[in-house]
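Trainee: At position 52 of the sequence shown (counting the first as 1) the number is 684 in this note's numbering, and the numbers step up by one without a gap.
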Amino acid sequence: MNKLKRYTIIGTIFVIITGTISHFIYEWSGNNFILGFFFPVNESTWEHMKLCFFPMLIYSLFMNKKLKDDYPCVASALLSGILLGTFLIPVIFFTYTGILGRNYLPLDIATFVFSVIIAFVAVYKLTLSCKMSSCNSRLGLSVFIMAVCFFVFTYLPPDIGLFIAPE
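1) With distances taken Cα to Cα, identify the nearest neighbour of Phe692 among Phe752, Trp678, Phe665.
2) Which class does Glu799 belong to by DSSP, given the choice of helix, strand or coil?
3) Less than 8 Å between the CB atoms is what I'm expecting for Ile721 and Met681, so what's the real figure, rounded?
4) Start and end of the alpha helix (DSSP H) containing Phe785?
5) Can you tell me whether Thr759 is buried or exposed, with buried defined as 16 or more other CB within 10 angstroms of its CB?
6) Excluding five sequence neighbours on each side, which residues of the same chain lie with their C-beta closer than 7 Å to the C-beta of Ile657?
7) Do Gly717 and Val748 have their C-beta atoms within less than 7 Å of each other?
8) Helix or strand or just coil, what does DSSP make of Asn664?
9) Using 10 angstroms around the beta-carbon of Phe783, count the other beta-carbons present and answer buried if the total reaches 16, otherwise exposed.
10) Across the stretch 756-770 and the stretch 693-710, are there enough close Cβ pairs to call them in contact, namely three or more that are closer than 8 Å?
11) Distance check for Asp702 and Ala779, CA to CA, integer angstroms please.
12) Which residues in the same chain as Ile585 place their Cβ atom closer than 7 Å to its Cβ, once the five residues preceding and following it in sequence are excluded?
13) Between Ser761, Thr727, Ile714, which lies nearest to Phe776 when the distance is taken from Cα to Cα?
14) Leaving out the 5 sequence neighbours to the left and right, which residues in its chain are closer than 7 Å to Val673 when beta-carbon positions are compared?
15) Thinking C-alpha only, which one of Asn664, Trp660, Cys684 is nearest Ile750?
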């Protein structure tokens with residue numbers, strides 16, 4: 633198994649496990665204000681996007697450091713994967729709940745797992761193809777803006793569906 637494939641598989645497992653554990657960290661911390669910036673503070677779809685974003689961001693720093701010499705396009709691929717996985721969560725969630733009329737926990741979990749898997753498949757393919765390498769600075773800026781949005785909207789959410797916990 634090549635290095636890229638190994639790190640991609642490990643990353644997928646890492647993000648699924650840490651993302652799942654992350655779901656409970658804020659509550660386990662006694663609702664620590666600072667931890668709320670990184671971990672879901674409620675059951676809204678927006679807060680659940682953090683389950684993919686922050687674990688994948690952390691793993692991406694590690695994976696990029698390990699692979700950048702052998703795979704020069706890995707940074708842009710990882711940034712693309714972070715954005716793809718994070719945004720797939722609300723797309724899939726609102727699509728299936730729109731069709732079924734409500735959310736179901738097993739489908740919510742499957743949405744997260746599927747989003748992470750697709751994100752890492754994209755990372756693998758984009759690393760090999762280098763299709764996103766010319767967008768590296770724009771992707772980096774997009775990930776940075778996304779992190780800032782998580783920090784701001786955690787405690788100052790707009791009054792729209794993405795930020796409201798499903799009933």
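Ideal Cβ positions, reconstructed from N, Cα and C, are used throughout, including at glycine.
Mentor: So, from the data block:
1) Note that residue 692 corresponds to Ser in the displayed sequence, not to Phe. Of the listed residues, the one whose Cα sits closest to Ser692 is Phe752.
2) coil
3) 5 Å
4) 768-787
5) buried
6) Result list for Ile657: Leu667, Phe671, in chain order.
7) yes
8) coil
9) exposed
10) Taking 8 Å as the limit for Cβ pairs, the verdict is that the stretch 693-710 does touch the stretch 756-770.
11) 28 Å
12) Look at the range of the chain in this structure, 633 to 799, and you will see that residue 585 is not part of it.
13) Ile714
14) Tyr658, Glu679, Thr786
15) Cys684
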